[in-house]
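Heads up: the structure comes next, in structure tokens.
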Ligand SMILES: Nc1nc2c(ncn2[C@@H]2O[C@H](COP(=O)(O)OP(=O)(O)OP(=O)(O)O)[C@@H](O)[C@H]2O)c(=O)[nH]1
Ligand SMILES: [Mg+2]
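Residue numbers (full-length UniProt numbering), protein chains in the order written: chain A, 1 to 204; chain B, 1 to 337.
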């Protein structure tokens with residue numbers, strides 16, 4: 001369980017965003033999330049089935065951002081179930097494994113698919129397992145230029161060593177409310193008086 | 001000459017899963033009622049043909065309700081084989097034959113299985129042992145050769161893993177797995193279309209029979225799909241106490257897939273007060289915490305099985321409607337590609 005945050009919700013607004021993590025099986029989606037939520041790395045996580053839900057609140061100076069995150073299952077046959085989870089998502093984190101060419105193609109296919117549907121406001125294109133430099137198959141530049149072309153955030157991460165994980169979620173959380181204020185779209189903002197504590201379903 | 005029987009280790013109703021952090025009260029509920037089931041073994045004796053043979057009995061109301069009250073854990077291995085009519089599909093030697101013939105084959109299924117072996121019940125000490133992992137590998141790969149159309153679907157590892165805890169013989173576990181999948185709509189197949197359809201049907205019944213729960217979900221834009229996907233795929237085999245899973249399996253193997261709908265409705269009804277007490281928390285997270293230690297099996301079943309007007313005909317009508325929606329969604333996706 002993530003520690004509940006009980007603070008001055010009266011004075012700060014909480015923005016709630018829906019985030020979905022997509023990518024081929026075993027690229028490290030659940031590991032990235034576990035590193036972010038608990039600062040842990042575990043070689044043997046349970047297989048993700050369907051999708052697992054986690055909630056986490058990040059505090060900024062003037063507001064809270066609550067991320068409702070769906071960690072989806074990567075086995076190919078689950079693809080047709082993915083819309084259940086990415087429908088209405090504000091942000092998508094699309095992950096490939098820098099040691100696997102096929103995972104890059106899969107990640108690119110996800111970006112394509114999301115662009116053709118209602119693309120989320122923020123998309124992040126993430127090359128994970130950057131600690132495995134000797135086995136690298138996907139040069140950083142390939143990932144970066146693809147991400148630029150498709151207006152995605154880009155980072156290489158390592159869930160194992162914790163590289164860029166915090167920064168990934170911070171960047172997304174910061175990117176979101178800004179765009180939202182520009183859009184004058186407040187439907188995602190929940191009434192601060194109605195909430196007391198945050199809860200999350202993290203059980204890894 | 002008579003020798004006194006060797007003292008038996010007490011039956012582990014937790015099947016080796018860690019349960020140290022359950023409350024005393026919950027631990028007691030499970031051991032009390034399992035002991036109670038054990039005492040009821042005599043009610044089951046008349047249905048046995050011999051110690052190792054249990055032919056599937058006629059579906060009298062009496063037998064149905066006996067199963068709904070739970071099969072005594074020690075009798076499960078044999079009773080399940082009977083309920084699933086394993087006899088009707090069993091072919092001697094076939095299991096072993098799959099393993100020998102394909103000893104050096106490769107396939108996508110095998111590749112996916114391999115990756116899931118160490119990701120199956122990592123919280124369970126037995127699944128850290130090579131022997132268990134090897135058993136899991138054998139059963140799942142044999143199944144992928146037996147049913148190449150399906151191959152392997154993530155979640156079968158959980159079902160097979162649970163079977164390993166009940167059957168000491170791999171061949172038994174294999175054939176039981178075969179019959180479990182035969183009993184279900186094609187949830188685990190390559191397109192998972194039947195699953196998508198039934199989850200929509202489930203959403204319909206949830207709205208109809210447990211409207212309060214459905215409303216609590218809708219407030220957060222969730223549907224039954226988000227709640228029930230893993231339940232339908234693992235057959236409640238993960239993230240519930242093992243005895244809960246097995247009680248569901250008792251009824252599932254006797255009454256068929258409708259059980260999945262009924263148990264889902266029962267759990268959701270039972271969870272309403274818990275959801276209400278945490279109005280600002282995400283219902284998915286609350287449900288997960290609610291199910292992990294859920295041992296009040298009888299009351300969940302009472303709530304689920306008392307739901308009226310739940311005929312196969314009605315469900316099939318709903319499936320037709322859901323199929324149209326799924327077809328539209330697929331056409332939409334294809335159009336965009
Ligand atoms: N070296 C290295 N290994 C990693 C990293 N992230 C994950 N792994 C390993 O990769 C394997 C798969 O990780 P998961 O997090 O389960 O992958 P997933 O994408 O969630 O997989 P599915 O749930 O099947 O879709 C595990 O053995 C992890 O330990 C990383 O940054 N570096
Ligand atoms: Mg995962």
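Where is the CB? At the ideal position from N, CA and C, for every residue including glycine.
Could you check the C-alpha separation between residue i and residue j for me, to the nearest Å?
i             : j             : result
residue 175/B : residue 56/B  : 16 Å
residue 110/A : residue 168/A : 19 Å
residue 80/A  : residue 233/B : 15 Å
residue 336/B : residue 117/A : 7 Å
residue 245/B : residue 141/A : 49 Å
residue 295/B : residue 241/B : 7 Å
residue 68/A  : residue 78/A  : 20 Å
residue 289/B : residue 63/A  : 28 Å
residue 101/A : residue 249/B : 41 Å
residue 43/A  : residue 49/A  : 17 Å
residue 70/B  : residue 301/B : 11 Å
residue 252/B : residue 177/B : 13 Å
residue 109/B : residue 154/B : 10 Å
residue 5/A   : residue 57/A  : In this prediction, residue 5/A scores a pLDDT of 48, lower than 50, which makes its location untrustworthy; no coordinate-derived value is stated.
residue 104/B : residue 146/B : 16 Å
residue 173/B : residue 51/A  : 27 Å
Buried or exposed, going by whether 16 or more other CB atoms sit within 10 Å of the CB of residue i?
i             : result
residue 53/A  : buried
residue 30/B  : buried
residue 191/A : Any reading at residue 191/A must be qualified, since the residue scores a pLDDT of 41, below 50, and its modelled position is unreliable; the value itself is stated next. Exposed, because fewer than 16 other Cβ atoms sit within 10 Å of the Cβ of residue 191/A.
residue 161/A : exposed
residue 259/B : buried
residue 30/A  : buried
residue 209/B : buried
residue 89/B  : exposed
residue 148/B : exposed
residue 170/B : buried
residue 62/B  : exposed
residue 270/B : buried
residue 261/B : buried
Can you find a heavy atom of ligand 3 that lies under 7 Å from the Cβ of residue i?
i            : result
residue 29/A : Ligands in the displayed structure: ligand 1 and ligand 2; ligand 3 is not one of them.
Would the beta-carbon of residue i be found less than 7 Å away from any heavy atom of ligand 2?
i             : result
residue 48/A  : yes
residue 217/A : Given a span of 1 to 204 for chain A in the structure shown, any question on residue 217/A remains unanswerable.
Measuring only from the beta carbon, is residue i closer than 7 Å to any heavy atom that is part of ligand 1?
i             : result
residue 101/A : no
residue 69/B  : no
residue 23/A  : yes
residue 38/A  : no
residue 132/A : yes
residue 106/A : no
residue 158/A : yes
residue 74/A  : yes
residue 137/A : no
residue 339/B : This structure leaves residue 339/B out entirely; chain B is present only between 1 and 337.
residue 43/A  : yes
residue 147/B : no
residue 129/A : yes
* Asked: When Cβ atoms are compared, which residues of the region 172-196 of chain B fall closer than 9 Å to chain A?
  -> 188, 189, 190, 191, 192, 193, 195 and 196
* **Segment contact, 8 Å Cβ cut-off, at least three pairs: the region 16-27 of chain A with the region 188-205 of chain B** => no
* Contact residues within the region 150-163 of chain B, judged by C-beta distance below 9 Å to chain A -> 151, 152, 153, 154, 155, 157 and 158
* Examine the Cβ distances between the region 72-85 of chain B and the region 43-55 of chain B and report whether three or more of them are shorter than 8 Å. => yes
* Asked: Listed in chain order, which residues of the region 267-295 of chain B have Cβ atoms closer than 9 Å to some Cβ of chain A?
  -> 278, 279, 280, 281, 282, 284, 285, 286, 287, 288, 289 and 292
* Interfacial residues, the region 106-122 of chain A to chain B, with Cβ spacing under 9 Å -> 112, 113, 116 and 117
* To do: Could you tell me whether the region 272-285 of chain B touches the region 38-49 of chain A, where touching means 3 or more Cβ pairs closer than 8 Å?
  => no
* Asked: Do the region 222-237 of chain B and the region 144-159 of chain B meet, that is, are 3 or more Cβ pairs less than 8 Å apart?
  -> yes
* How about the region 19-32 of chain A and the region 93-109 of chain A: do they share at least three Cβ pairs that are nearer than 8 Å? -> yes
* Using a Cβ-Cβ cut-off of less than 9 Å, give me the residues of the region 31-53 of chain A that come near chain B, in sequence order. => 42, 43, 44, 45, 46, 47, 48, 49, 50, 51, 52 and 53
* Asked: Within the chosen definition, does the region 132-150 of chain B reach the region 113-124 of chain B through at least 3 CB pairs nearer than 8 Å?
  -> yes
* Decide yes or no for the touch test of the region 120-129 of chain A against the region 79-93 of chain A: beta carbon pairs closer than 8 Å, at least 3 of them. => yes
* **Members of the region 199-222 of chain B that neighbour chain A once the beta carbon cut-off is set at 7 Å** => 221
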